[in-house]
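Below is one structure; the comments refer to it alone.
Numbering (the numbering used here), first residue to last: 452 to 752.
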């Protein structure tokens, strides 16, 4: 089946450790639970798309080691097309350790070697895949040249280009349709904090001026604002029991992309995306637990 969505981003082993309180220097803490799962922002987004029942391919890089081959096996078992993933010789696959305490605070330890990032030549080798997709998600923790190449190829083919994060070069915004950024990333992009809805709308309008159709920005501690040329929609955080915020943005991006790809209007798509993000905060780790039903139309309250 031809992938409807292509995700370009990181794949990693994700070791999630639950503790009561994170230890201070020179002390220790007992681990209450541990899970090792398929992780990395790119893989989390691809898993979310697959869980929503939308055909998806992942373009990511693993090392030619046991961990890397296991990651691709797990991704394939999740229903992700990994035929365009790269196995890099002599590279070490990425590892992310996520320590989550009982207060919902996380601490990441990341071992992401440079040679398991997606390179420009990896993107160019997968040009045919990008040209066939209806939507391409570019996770911007990858090198700038690779991100630009992916966005341009997808845009030229008429695909919806969704950016996640902070582009190293703002010229990339002119090649995209949608940008999602958390509050910290939004401040980096616009030079101003996004601490309330008015600041979020102002920042979104500034980003639309670069050519975007939609800017989705976190309003720190409050919710998300969806700013388009037709206006804006602010959706506050719900009443989810937050265990770990890891992966909430990935679930939002995956769901929003799928909903728009399936022709939903922005308001309905935004509500589904925020619901998906909230559900992901209710468990430790960034791996989403979504179902196709989340894409069903919702009546406005």
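Where a beta carbon is used, it is the ideal one built from N, C-alpha and C, also for glycine.
(request) Quick one: grab the DSSP three-state call for residue 574. (result) helix
(message) Any contact between the segment 593-607 and the segment 561-571? By contact I mean 3 or more CB pairs, one from each, below 8 Å.
(response) yes
(request) Inspect the beta-carbon positions of residue 472 and residue 562 and report whether they are closer than 9 Å. (result) no
(request) Can you grab the Cα-Cα spacing for the pair residue 610 / residue 627, in whole Å? (result) 9 Å
(message) What would DSSP say about residue 482, mapped onto helix, strand or coil?
(response) strand
(request) Compute the Euclidean distance between the alpha carbons of residue 752 and residue 688, then round it to the nearest angstrom. (result) Confidence is the limiting factor: at residue 752 the pLDDT is only 46, short of 50, which leaves the residue's position unreliable, though a coordinate-based value still follows. Distance between the alpha carbons of residue 752 and residue 688 is about 15 Å.
(message) If you reduce the DSSP assignment to three classes, tell me which class residue 617 lands in.
(response) Under the three-state reduction of DSSP, residue 617 is assigned to coil, being neither helix nor strand.
(message) Using the Cβ count rule (16 or more neighbours within 10 Å means buried), how would you classify residue 621?
(response) That one is exposed.
(message) Quick check on the burial criterion: 16 or more other C-beta atoms within 10 angstroms. Buried or exposed for residue 731?
(response) buried
(message) Using only the alpha-carbon positions, how far apart do residue 565 and residue 664 sit?
(response) 32 Å
(message) Alpha carbons only, please: which of 607, 579 and 619 is nearest the one belonging to residue 597?
(response) The shortest C-alpha to C-alpha distance from residue 597 to any of 607, 579 and 619 is the one to 619.
(message) On a Cα-Cα basis, can you pick out the residue from 502, 462, 606 and 738 that is closest to residue 519?
(response) 462
(message) Would residue 742 and residue 496 be called neighbours here (beta carbons separated by less than 9 Å)?
(response) no
(request) Would you grab the beta carbon distance between residue 669 and residue 637 for me? Rounded to a whole angstrom, and I think it's under 8 Å. (result) 7 Å
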